[in-house]
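One structure is given below, encoded as C-alpha cells.
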C-alpha cells in the first residue's frame with residue numbers, strides 16, 4: 007500500500023512539473039534579452055550629470071520608433087572608459103536622427119559614475135539600475151556590453167567588450183537599422 011501511495015505521488019509530481027514548468031520557463035525566457043527577440047522593457051531613473059540640468063525616468067517602451075543603443079558600463083572599468091570618447095562622437099553624429107543612446111551603470115557607485123561623466127563632459131544619459139534587475143534581464147555579466155535595439159524593439163546586436171563606436175563598421179550597424 008505504501009509503495010502504491012509513493013508511486014501515485016511521484017506520478018502527480020511528474021504531471022505537475024510537466025504542465026507547469028514549461029510556462030514558468032517561457033515566462034523567464036520572455037524576460038531575458040536575446041538577439042532576435044523583443045528587448046525586455048525597463049523603467050530607470052537618469053542620474054543628473056549636469057548636461058541637462060534635470061533628471062528623468064527612461065522607459066524603453068517609450069523609445070519605440072528609434073534605434074536604441076544601450077551600453078552597460080562602470081567607472082572602475084578601464085575598457086569602458088576607453089570607449090566613451092568614441093561613444094560621444096557617435097552620440098553627436100546621430101543627433102537629429104531616430105536614435106537614442108543610453109548608458110546604464112553596472113555594479114558601480116552612482117556618484118563615481120556621475121562624477122566621471124561630468125569631469126569628461128559626456129552628454130549621454132546615465133541610468134541607475136539600482137536593483138540590477140535590468141542587468142539580469144539583459145544577461146549582463148561583464149562590462150562593457152552594448153545592445154542595439156531596432157525601431158520595433160527587437161534586440162539586433164549584443165556586443166561584448168570595447169568597440170570603436172565611431173568607426174564606419176560600428177556606424178553601419180546602427181545606420182542599417184535607422
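In the working numbering, the protein residues as written are 7 to 184.
Don't be surprised by glycine CBs; every beta carbon is placed ideally from N, CA and C.
All values derive from a computational prediction rather than experimental measurement.
Query raised in the report: By the 10 Å Cβ neighbour count, where 16 or more other Cβ atoms means buried, how is residue 106 classified, buried or exposed?
Result: buried
Query raised in the report: Leaving out the 5 sequence neighbours to the left and right, which residues in its chain are closer than 8 angstroms to residue 71 when beta-carbon positions are compared?
Result: 104 and 157
Query raised in the report: Can you tell me whether DSSP reads residue 164 as helix, strand or coil?
Result: strand
Query raised in the report: Going by Cα to Cα distance, which pick from 94, 13, 50 and 85 is closest to residue 110?
Result: 50
Report task. Give me the Cα-Cα distance between residue 34 and residue 68, rounded to the nearest whole angstrom. Result -> With a pLDDT of only 40 at residue 34, under 50, the local geometry of the prediction cannot be trusted, and the value read off the model is given with reservation. Their backbone Cα atoms lie some 23 angstroms apart in a straight line.
Report task. Determine, using beta carbons only, whether residue 108 and residue 171 come nearer to each other than 9 angstroms. Result -> no
Query raised in the report: For residue 78, which beta-bridge partners are listed by DSSP?
Result: 110 and 151
**Report entry** Boundaries of the beta strand (DSSP E) in which residue 132 is found, first to last residue
**Finding:** 132 to 134
Query raised in the report: Which two residues bound the contiguous beta strand (DSSP E) that contains residue 65?
Result: 63 to 65
**Report entry** residue 69, DSSP secondary structure in three states
**Finding:** helix
Report task. For residue 44, collect the residues of the same chain with a Cβ closer than 7 angstroms to its Cβ; drop the 5 residues on either side in sequence, then sort them by chain order. Result -> 159 and 160
Query raised in the report: If you draw a straight line from the alpha carbon of residue 140 to that of residue 92, how long is it in whole angstroms?
Result: 24 angstroms
Query - Option nearest residue 135 by Cα separation, candidates 128, 129 and 143 - result: 143
Requested in this report: Using a threshold of 9 angstroms, state whether the C-beta atoms of residue 53 and residue 119 are closer than that.
Outcome: yes
Requested in this report: Note the first and the last residue of the continuous beta strand (DSSP E) segment covering residue 51.
Outcome: 49 to 53
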